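Take a look at the structure set out below.
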Amino acid sequence: MEPKSVKDFITIRPSRGKIKVSWAFSIFKKIEEDGRVTCFIPSFDIYYSVDTNDAGIIAEKGRTITRMFVDHFFEHTKSMKNFALEIHKRGFKARNDAYTIKEFIKNNVSSAKFKFEDGDIVDGYTDKVTQKSEIEVSV
Amino acid sequence: MNYDTSLFIEIIESIPGINFLRSDYKDGVHVRFYQGLLGRLVVIDTTFEDLTPSQAKGYLRQLGLDYLIDTLFPRK
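Chains as they are written, first to last, in this note's numbering: chain R, 354 to 492; chain L, 353 to 428.
Pasting the structure below:
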């Protein structure tokens with residue numbers, strides 16, 4: 354069976370002294386024996402679980418947890434360098450990737466779209482659901 | 353079989369090289385951020401009292417603690 358492909362991305366757009374961060378991510382789920390549902394977001398490399406198979410609740414928790422991941426860099430470590438390096442390590446790549454990442458590390462932030470290149474999915478997970486989120490942050 | 357979340361946290365935090373960074377809460381979701389053995393940033397969902405087996409095994413792999421999968425989740 355061919356691996357399922359994932360079209361996830363993160364975009365960063367400077368706007369009036371702030372930075373708009375948008376992202377799309379895919380959630381794969383696995384229903385456990387007791388009915389709990391394990392969810393996996395390959396691009397962000399995040400696992401979580403919910404106690405229902407309700408697609409809305411699965412998506413909402415995915416949005417919350419990816420938001421907390423993004424917040425970790427912009428609200429707590431306040432570092433574009435760390436964020437750029439982390440998403441690069443997780444497999445998100447921009448056009449002219451090395452140049453773009455090096456500029457971000459120097460805090461020369463321009464509009465960029467980082468696409469997730471690795472589409473391999475862990476065995477046993479099914480039912481891809483794609484979600485989008487967006488926040489505005491200060492760095 | 354699910355794994356007790358607080359025990360899971362005690363186990364991973366007892367291992368030298370696993371660094372707890374911070375915890376966060378938003379819209380009913382509790383998470384803890386860790387740096388794993390190879391410096392990997394790992395986000396652990398601690399919302400529920402127990403973790404599903406797939407969730408716990410996934411965290412162990414991310415943290416670089418694969419060897420614990422067989423001992424904490426022995427095959428029947």
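For each residue, glycine too, the CB sits at the ideal point set by N, CA and C. This structure is a prediction, so every number in the text was calculated from the model and none was measured.
- Length of the line joining the Cα atoms of residue 421(R) and residue 423(L): 31 Å
- Message: For residue 465(R), list the residues DSSP reports as bridge partners.
- Response: Under the DSSP definition of a beta bridge, residue 465(R) partners with 365(R).
- Report the residue ranges of all beta strand (DSSP E) runs contained in full by the stretch 367–443 of chain R; include only those spanning at least 3 residues, in chain order. If only complete runs of 3 or more residues are kept, the stretch 367–443 of chain R shows the beta strand (DSSP E) at 371–384, 390–394 and 399–403, in order along the chain.
- Message: With the cut-off set at 8 Å, would you say residue 381(L) and residue 395(L) are in Cβ contact?
- Response: Not in contact: residue 381(L) and residue 395(L) (Cβ atoms no closer than 8 Å).
- Coil, strand or helix - residue 478(R) by DSSP: coil
- Close beta carbons around residue 416(L), own chain, < 6 Å, minus the five adjacent residues each side: Result list for residue 416(L): 388, 389 and 390, in chain order.
- Below-8 Å beta-carbon distance, residue 459(R) vs any chain L residue: no
- Can you give the Cα-Cα distance for residue 362(L) and residue 419(L), rounded to whole angstroms? Spanning the two alpha carbons is a distance of roughly 17 Å.
- Item | Reference residue 396(R), options 366(R), 418(R), 378(R) and 411(R), closest by Cα | 378(R)
- Of all the CB atoms in chain L, is at least one closer than 8 Å to the CB of residue 454(R)? So, not an interface residue.
- Among residues of its own chain, excluding the 5 on either side of residue 488(R), which ones have a beta-carbon nearer than 7 Å to its beta-carbon? 374, 420 and 423
- Message: DSSP three-state label for residue 390(L), please.
- Response: coil
- Just tell me which of 377(L), 411(L), 376(L) and 386(L) has its CA closest to the CA of residue 369(L). 386(L)
- Query: Is any beta-carbon of chain L found at less than 8 Å from that of residue 433(R)?
  - Reply: Residue 433(R) does not count as touching chain L.
- Task: Could you list which residues in chain R have their beta carbon closer than 8 Å to that of residue 407(L), in chain order?
- Result: 391, 400, 401 and 402
- Taking the alpha-carbon positions, what's the residue 353(L) to residue 394(R) distance? 22 Å
- Name, please, each residue of chain R whose Cβ falls closer than 8 Å to the Cβ of residue 385(L). 425
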